[in-house]
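*Asks:* Residue numbers (UniProt numbering), protein chains in the order written: chain A, 1 to 347; chain B, 1 to 326.
Submitted below is the structure of interest, expressed as structure tokens.
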Amino acid sequence: MTVVHTLPPAPDVGGPAEPLLKVEGLTKHFPVRGTGFFAPKLVARAVDGITFSIAKGETLGVVGESGCGKSTTARLLMRLIEPDSGSMIFDGELVGGELSLRDLRRRMQMVFQDSYASLNPRLTIADSLAFAPVVHGIPHGEAMAAAADLLEQVGLDSATVLGRYPHQLSGGQRQRINIARALALHPRLVILDEAVSALDKSVEAQVLNLLVDLKRSFDLTYIFISHDLNVVHYIADRAMVMYLGKIVELGPVDRIYAAPAHPYTRALFSARLSSDPERRTVAVAIEGDPPNPINPPSGCRFRTRCPMAAEVCAAHEPAAIDLGFGHSVACHLHDPASGHAEARAHV
Amino acid sequence: MSDPTPLLSVTGLNVAFQTPRGTAQAVNGIDFTLARGEVLCLLGESGSGKSVTLRALMRLLPEQRSRISGRVTIAGEDLYGLPERRVEDLRGKVVSMVFQEPMLALDPVYTIGAQIAETIVRHERVSKAEAGRRALELLEKVQIPSAKRRLEAYPHEMSGGMRQRAMIALALACNPAILLADEPTTALDATVQMQVLLLLRRLQAETGMAVIMVTHDIGVAAETADRVAVMYAGRIVEQGTAAQVLKTPQHPYATGLFASTVHAGLKDRRLDAIPGAPPDLTALPPGCAFAPRCARRREACDVGQPPKIRMADAREVLCVDAVAAG
Ligand SMILES: Nc1ncnc2c1ncn2[C@@H]1O[C@H](COP(=O)(O)OP(=O)(O)O)[C@@H](O)[C@H]1O
Ligand SMILES: Nc1ncnc2c1ncn2[C@@H]1O[C@H](COP(=O)(O)OP(=O)(O)O)[C@@H](O)[C@H]1O
Ligand SMILES: [Mg+2]
Ligand SMILES: [Mg+2]
Chain A
1 MTVVHTLPPA PDVGGPAEPL LKVEGLTKHF PVRGTGFFAP KLVARAVDGI TFSIAKGETL
61 GVVGESGCGK STTARLLMRL IEPDSGSMIF DGELVGGELS LRDLRRRMQM VFQDSYASLN
121 PRLTIADSLA FAPVVHGIPH GEAMAAAADL LEQVGLDSAT VLGRYPHQLS GGQRQRINIA
181 RALALHPRLV ILDEAVSALD KSVEAQVLNL LVDLKRSFDL TYIFISHDLN VVHYIADRAM
241 VMYLGKIVEL GPVDRIYAAP AHPYTRALFS ARLSSDPERR TVAVAIEGDP PNPINPPSGC
301 RFRTRCPMAA EVCAAHEPAA IDLGFGHSVA CHLHDPASGH AEARAHV
Chain B
1 MSDPTPLLSV TGLNVAFQTP RGTAQAVNGI DFTLARGEVL CLLGESGSGK SVTLRALMRL
61 LPEQRSRISG RVTIAGEDLY GLPERRVEDL RGKVVSMVFQ EPMLALDPVY TIGAQIAETI
121 VRHERVSKAE AGRRALELLE KVQIPSAKRR LEAYPHEMSG GMRQRAMIAL ALACNPAILL
181 ADEPTTALDA TVQMQVLLLL RRLQAETGMA VIMVTHDIGV AAETADRVAV MYAGRIVEQG
241 TAAQVLKTPQ HPYATGLFAS TVHAGLKDRR LDAIPGAPPD LTALPPGCAF APRCARRREA
301 CDVGQPPKIR MADAREVLCV DAVAAG
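And the structure:
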């Protein structure tokens with residue numbers, strides 16, 4: 001595969017040991033109105049103080065039930081919305097400080113679930129793909145040539161696709177175009193927010209193969225958000241499990257999938273469907289729907305659905321405990337000093 | 001299962017729609033039967049004709065714009081030979097349906113209790129009080145917490161999982177012999193999906209109703225089906241027991257679908273994706289509709305429709321390569 005860059009890839013500022021992205025205490029609360037005129041103002045704690053980092057060249061999978069804050073996290077990282085607090089350091093440079101938002105958006109791009117809503121219906125595919133490069137100062141002719149090249153890179157025939165409009169293409173083709181568009185500025189980090197979730201399985205497999213190829217040829221780092229635990233296992237190096245605006249567990253996928261440490265992760269994993277009709281699931285792991293982040297429970301937010309909940313879980317919010325091998329969990333059960341009767345140390 | 005006549009049988013069902021782009025051949029000659037108490041899964045990707053098939057079984061397709069042929073027999077009655085009034089009696093009482101989107105079945109302006117009671121009164125000559133009692137029983141049966149209070153709730157006041165349960169309660173109000181379920185858990189979170197699937201499985205076992213479960217998800221089929229029919233471009237390309245079809249699929253499309261579904265054990269391996277895309281239903285090829293994407297395509301595939309071959313293990317496969325029972 002040959003790659004034609006019209007924009008040079010952003011330089012590797014901090015070297016291989018510097019994380020590509022360091023996020024500290026990122027928080028976003030949304031004001032929401034209750035129903036009725038005198039209803040009190042409420043806040044949805046959509047993302048509530050999350051800290052993590054991502055290494056160059058890795059794929060971080062993000063999982064959790066709907067409403068746990070995955071998309072809000074993605075939009076915060078892209079700075080499509082302003083965080084209430086917290087900081088972001090991209091390759092050693094403070095975002096909003098040394099690194100301007102404009103430069104951040106060249107380095108970080110996003111692909112959404114809805115392939116249609118993400119494309120301007122009145123622009124041809126060629127114009128959609130050339131738009132951002134032209135804004136960033138690439139001459140129109142060169143941007144058009146690059147658009148054709150990008151289409152080939154994502155497995156589409158540029159001659160037939162360039163002049164088309166989004167509605168003339170299938171969902172799978174549109175998602176390939178959204179991926180091409182995300183790559184047009186040669187970013188270093190691509191956030192994929194349920195990017196394959198709406199696709200049929202046979203098309204999803206094609207796009208996953210494509211993402212693996214592009215990661216190599218464009219030297220990318222991915223944040224891969226998905227509700228599909230099998231797909232995250234397949235594509236990610238590390239997984240981050242979220243519950244009601246918090247990170248509850250973070251670590252290498254091989255470790256988390258082999259031995260999930262948080263009771264929520266265990267519940268989530270045991271809700272995976274069997275693919276063997278002779279070995280069906282016999283019991284549900286947790287009851288009830290995921291609660292919403294307005295007035296979340298005190299202490300550990302999962303305690304209202306947790307089979308292991310004890311008094312301490314309501315009194316204190318658990319801090320992240322290091323389990324070794326880059327695996328961490330926010331649960332009193334893993335902290336012998338927590339006062340949870342069943343807590344045990346991990347050595 | 002001593003009664004040899006199936007509860008439902010479908011023979012040569014075809015459904016075509018007039019569209020601005022031409023005639024879309026959504027369902028193209030499918031045959032299947034459903035025994036009492038059996039769970040059949042229609043498994044296929046979007047556009048393969050699953051929902052159209054289900055709606056044909058309820059006679060719910062728009063008569064002006066669709067052309068339907070073939071035969072559907074439900075409990076011994078020829079569905080398309082019945083007057084509309086008799087079909088209305090059948091709906092809800094003999095055949096009932098649940099959807100992916102509960103608001104397709106629930107009326108936003110009536111409470112859950114009122115809707116269920118109204119359905120019972122419409123189909124059975126019982127008093128309002130009796131219907132109200134049955135409504136409460138149904139909400140308890142679908143495990144809605146504080147069922148008594150929930151009778152008074154409007155659909156929008158419930159969470160997604162609770163609305164799904166309420167819709168199931170409504171569908172079961174008159175003890176139908178057949179439940180048609182169109183991707184009832186697709187929009188739900190994994191944890192809630194599992195709750196609803198286990199609920200459906202338990203209700204099926206308790207009532208002995210037959211179920212046709214439509215899904216694009218192999219996992220849903222594995223968790224629920226006795227038998228599986230894989231659909232592609234409006235045809236059933238493979239049909240057999242759940243274990244046969246899900247564990248040793250024979251049709252190249254079925255094999256491809258399983259190979260492209262990500263599961264544990266594939267990490268760091270390239271996915272065996274099916275190339276290409278499903279055909280345009282307004283321009284189906286004269287031969288096998290899957291042939292353009294099939295690695296085993298040969299001349300015979302493009303000549304005419306592939307034969308339906310009954311294999312030694314009694315499954316049926318629509319492919320020239322399938323080996324017939326000796
Ligand atoms: N613009 C907004 N205004 C108010 N609440 C919001 C807004 N965006 C998201 N939320 C709320 O924040 C929570 C997290 O949402 P989201 O990040 O979309 O979750 P996920 O992507 O994990 O499903 C949800 O409860 C959602 O309703
Ligand atoms: N009322 C309709 N008018 C025209 N085309 C229709 C209509 N209903 C369904 N179709 C078409 O029939 C095909 C099969 O649809 P459907 O049964 O809904 O697929 P699925 O397997 O995803 O449930 C699709 O191409 C769809 O666009
Ligand atoms: Mg989201
Ligand atoms: Mg459908």
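Glycine residues also receive a C-beta, built at the ideal position from the N, C-alpha and C atoms.
(1) Which ranges does the alpha helix (DSSP H) cover as unbroken runs of at least 4 residues, wholly within the segment 161-225 of chain A, from first to last along the chain?
(2) Cβ closer than 9 Å: which chain A residues qualify as neighbours of His251 (chain B)?
(3) Can you tell me which of A:Asp322, A:Leu220 and A:Met242 puts its alpha carbon nearest to the alpha carbon of Leu229 (chain A)?
(4) What is the DSSP secondary structure of residue 351 (chain A), reduced to helix, strand or coil?
(5) Measuring only the C-alpha atoms, how far is Ala187 (chain B) from Gln100 (chain B)?
(6) Looking at the unbroken beta strand (DSSP E) that takes in Ser96 (chain B), where does it start and where does it end?
(7) Quick one: any contact between the segment 209-218 of chain A and the segment 243-253 of chain A, if contact means 3 or more CB pairs under 8 Å?
(8) Can you confirm whether Gln195 (chain B), when its beta carbon is compared against all beta carbons of chain A, has any partner nearer than 8 Å?
(9) Closer than 8 Å is the cut-off here; do at least three beta carbon pairs connect the segment 89-97 of chain B with the segment 43-51 of chain B?
(10) Establish whether the CB of Leu273 (chain A) and some CB of chain B are separated by less than 8 Å.
(11) Under three-state DSSP, which class holds Phe30 (chain A)?
(12) Taking all protein chains shown into account, do 16 or more other C-beta atoms lie within 10 angstroms of the C-beta of Leu94 (chain A), making it buried, or fewer, making it exposed?
(13) Could you tell me the alpha carbon to alpha carbon distance between Asp321 (chain B) and Asp200 (chain A), rounded to whole angstroms?
(14) Go to Tyr253 (chain B), then tell me how far its alpha helix (DSSP H) extends in each direction, as first and last residue.
(15) Report the three-state DSSP secondary structure of Lys141 (chain B) (helix, strand or coil).
(16) How would you write the range of the alpha helix (DSSP H) that Gln303 (chain B) sits in, first residue to last?
(17) Alpha carbon to alpha carbon, what distance is there between Met213 (chain B) and Pro176 (chain B)?
(18) Just checking my contact of Val202 (chain A) with Leu257 (chain B) at CB under 8 Å: how many whole Å lie between their CB atoms?
(19) Which residues of chain A have a Cβ atom closer than 7 Å to the Cβ of Ala261 (chain B), listed in chain order?
(20) Nearest to Thr282 (chain B) by alpha carbon, out of B:Leu7, B:Thr19 and B:Leu8?
(21) Spell out a yes or no on whether the segment 270-285 of chain A and the segment 311-322 of chain A are touching, meaning 3 or more CB-CB pairs, one atom from each, closer than 8 Å.
(22) Find the residues of chain A that neighbour Ile218 (chain B), judging by a C-beta separation of less than 9 Å, and give them in chain order.
(23) In the DSSP output, which residue or residues are listed as bridge partners for Cys41 (chain B)?
(24) Assuming Tyr234 (chain A) contacts Val303 (chain B) (C-beta within less than 8 Å), just tell me the rounded distance between them.
(25) With C-beta atoms as the reference, is Ala319 (chain A) less than 8 Å away from Val329 (chain A)?
(26) Run through chain A and tell me which residues come within less than 7 Å of Pro46 (chain B), C-beta to C-beta.
*Replies:* Let me lay it out:
(1) Along the length of the segment 161-225 of chain A, whole alpha helix (DSSP H) runs at least 4 residues long occupy 171-183 and 201-217, reported in chain order.
(2) Chain A residues near His251 (chain B): none, gap ~14 Å exceeds 9 Å.
(3) Taking the Cα of Leu229 (chain A) as reference, the smallest distance to any Cα among A:Asp322, A:Leu220 and A:Met242 is reached at A:Met242.
(4) The structure shown does not extend to residue 351 (chain A), since chain A spans only 1 to 347, so no value can be given for it.
(5) Ala187 (chain B) and Gln100 (chain B) have their C-alpha atoms roughly 7 Å apart.
(6) DSSP places Ser96 (chain B) in the uninterrupted beta strand (DSSP E) bounded by Val95 to Val98.
(7) no
(8) yes
(9) no
(10) yes
(11) strand
(12) In the assembly as shown, Leu94 (chain A) is an exposed residue. Its beta-carbon has fewer than 16 other beta-carbons within 10 Å.
(13) 26 Å
(14) Pro252 to Ser260
(15) Here Lys141 (chain B) sits in helix by DSSP.
(16) Contrary to the premise, residue 303 (chain B) reads as Val rather than Gln in this sequence. Taken as a continuous stretch (DSSP letters only), the alpha helix (DSSP H) holding Val303 (chain B) covers Glu299 to Val303.
(17) 15 Å
(18) Sequence inspection shows Ser at residue 202 (chain A); the Val mentioned does not correspond to that position. Sure, about 6 Å apart at Cβ, within 8 Å.
(19) In the sequence as displayed, the identity of residue 261 (chain B) is Thr instead of Ala. By Cβ distance, chain A contributes Lys201.
(20) B:Thr19
(21) The segment 270-285 of chain A makes no contact with the segment 311-322 of chain A: fewer than 3 CB pairs, one atom from each, lie closer than 8 Å.
(22) Lys201, Leu273 and Ser275
(23) DSSP lists B:Met213 and B:Val228 as partners of Cys41 (chain B).
(24) About 39 Å separates the two Cβ atoms, so there is no contact after all.
(25) no
(26) Residue 46 (chain B) is actually Ser in this sequence, not Pro. Correct list: Asp200.
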